[in-house]
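In this note's numbering, the protein residues as written are 107 to 539. Each residue gets a CB set at the ideal place from its N, CA and C atoms; glycine is no exception. Data block below; observations after.
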Ligand code: XIL
C-alpha cells in the first residue's frame, strides 16, 4: 500500500493536525485510495477535470479498456482513448485500475466465433498485449469480470470463454496475467457478491482453491452497485473480511448507490465503513464523477450532482474517511433546483420547482423562473415571488422559514398561462445562505 500511495503521489501523514478536505487525501490518511471511473470523452470538460483532479487519487477507465474498445478486430489494438486516461492520471500522480481483460460483455463478436484452441490463444494474446502495453502503470487489473451466475446455483455464467474453455479459463487468464505484468495486483471482480450469499460463496470457494493451488490472485473486487432493490448488505464488512482472511486484498471497485439526500448519505457511510473496518480493504472506487454521466443517471447514484455540487453523500463519505470539508462544520451553504411540469391543460400548465440543500444546512434560498413571452405566470404557491419589469422573470424566495437540513428539499409551484406557447420555463441556479 505504501508503494501504491507513493505511486499515487499521496503521503499518509500520521497524526496530522488538520483533517483532510478531499476524498483522496482523507482516504490516504487511512492508508487507502479513493478513485472514480473516468470516461475519456469528458476530459475536455473543465469542471469534470477539476473535480476529478481535486478529489480523487485513483482512476478506472469506465469503458476504454474493455475488449471491444481495445481489440475490436483481431490482433489490431487501439489504445488511444485508454492512453488518454492513463496519461492524465499518471501525470497527476493518480493510480490506475485496469478494467477489464476477460469479460463476456462488451466483447467483440469475432471472439465468440472462434473455436476453442483459437479462443484460448486470442484470450492469452489479448491479456499479453494489453498488460504489456500498460506494464508497470496499473496498480490492479480486473483480470476476469463477472464469471459467475446470479442466484443460488453458484455456477459459472455462460460465455464464449466458459462454454468453450470450461472452468479452467479463469485460472489460465490469471496465470497469463501474472507473467505479463508481475507488478500488477490481479483481481477477480463481480457484482451481487457484496454480502454473504450463494454467488459470493461460489467466488469465495474459487479464490480459496486458487490460493490452495498457487494460482496467482491478489485481490477481489466488489462492484457494489446498490439501489433500493439491492441495498448495501448488513454483512458487507463480514463478507469482505472472509475474503481478506483467504489472503487476498479486497477493493470496492464500482460503488454507486441510487437515491438522494440523507438516506443515500447513510448508505454511503455504511459502505465506506465496511471497507475501513477491514484492514485488507485497500481502496474504494465510485463509478463516475457526476450524476449526469452515471450509467444509471436517473438514479442519481454518485457523490456530485449534475452541476458538480457536493451532495450530502459526498459529505458523508468524507466524514466517514475522517476528513472534513466545507460541509463538515462551519459550512458553505449551497442548494440545487429541479423542475417538473405537474399538470397541463390546453391553455395553461403547472410547474413545480424542488429546492434541495447541499451538504450543509441552509437558512434561506433564492432561485428564478423565466417564462417566454407571451407566456405569463398567473399564480404561485408555497413561495414568495418578486418580478422583473418585463414580468417574465420571477425571483422566488421562501414563504416564511427557509431553513433546510443538509440534503433536505422543499418545493414551490406556479401556473403558466401558455398564450399559445407551451414551452418549459428556465429555472435559474439556486443560491443559499
Ligand atoms: C458500464 C459502463 O458504466 C457503461 O458506460 C457501459 O455502457 C456498460 O458498462 N459492471 C462493470 C462495468 O464491470 O464495466 C459496467 O460499466 C457496469 C457493471
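Unbroken beta strand (DSSP E) stretches of 3 residues or longer found wholly inside the stretch 332-399: 355-363 and 387-392, given in chain order. Across the set 523, 324 and 340, the C-alpha of 340 shows the shortest separation from the C-alpha of residue 330.
In the three-state scheme derived from DSSP, where H, G and I count as helix and E and B as strand, residue 519 is classed as strand. With respect to the C-alpha of residue 534, the residue from 527, 486, 413 and 248 having the closest C-alpha is 413. Secondary structure of residue 186 (DSSP, three-state): helix.
DSSP places residue 493 outside any alpha helix (DSSP H); the residue lies instead in the beta strand (DSSP E), whose first and last residues are 490-493.
Between residue 191 and residue 144, the alpha-carbon positions lie close to 7 angstroms from each other. Residue 487 is bridged by DSSP to 519. By the C-beta criterion, the stretch 193-202 is judged not to be in contact with the stretch 223-231, since fewer than 3 inter-stretch pairs fall below 8 angstroms. When DSSP states are grouped into helix, strand and coil, residue 227 belongs to the helix group. In the structure shown, residue 296 adopts extended strand secondary structure according to DSSP, grouped into three states. In this chain, the beta strand (DSSP E) harbouring residue 456 covers 454-463.
When rounded, the separation of the alpha-carbon atoms in residue 333 and residue 525 is 43 angstroms. Check the Cα spacing between residue 380 and each of 343, 138, 161 and 416: the tightest is with 343.
With 16 or more other Cβ atoms inside 10 Å of its own Cβ, residue 466 counts as buried. In the structure shown, the three-state DSSP call for residue 451 is coil.
Distances from the CB of residue 147 to the heavy atoms of the ligand XIL are all 7 angstroms or more.
The stretch 362-375 makes contact with the stretch 401-412: 3 or more CB pairs, one atom from each, lie closer than 8 angstroms. Here residue 497 carries a coil assignment [DSSP, helix/strand/coil].
For residue 418, the three-state secondary structure derived from DSSP is helix. For residue 153, there is no enclosing beta strand (DSSP E); the enclosing alpha helix (DSSP H) has its first and last residue at 152-161. Cα atoms of residue 448 and residue 366: separation of roughly 21 angstroms, rounded to the nearest angstrom. In terms of Cβ geometry, residue 468 and residue 510 form a close pair [threshold 8 angstroms]. Distances between the C-beta of residue 205 and the heavy atoms of the ligand XIL include at least one below 7 angstroms. Uninterrupted beta strand (DSSP E) stretches at least 3 residues long and entirely within the stretch 217-264 occur at 246-251, given in chain order. For residue 208, the uninterrupted beta strand (DSSP E) run begins and ends at 201-208, by DSSP.
Remark: the shortest separation between the CB of residue 216 and any heavy atom of the ligand XIL does not fall under 7 angstroms.
Residue pairing by DSSP places residue 468 opposite 510 in a beta bridge.
Where residue 280 is concerned, the enclosing alpha helix (DSSP H) starts and stops at 274-286.
With respect to residue 283, residue 292 sits close: the two C-beta atoms are nearer than 8 angstroms.
The DSSP-derived three-state label of residue 266 is helix. Approximately 20 angstroms separates the beta-carbon atoms of residue 216 and residue 263; this is outside 8 angstroms, ruling out the contact. The count of Cβ pairs closer than 8 angstroms, one atom from the stretch 235-242 and one from the stretch 209-224, stays below three, leaving the stretches out of contact.
Around the beta carbon of residue 152, fewer than 16 other beta carbons sit within 10 angstroms, so the residue counts as exposed.
In summary, residue 138 is buried, with 16 or more beta-carbon neighbours lying within 10 Å of its beta-carbon over all protein chains present. Here residue 288 is exposed: its Cβ has fewer than 16 other Cβ atoms, across all protein chains shown, within 10 Å.
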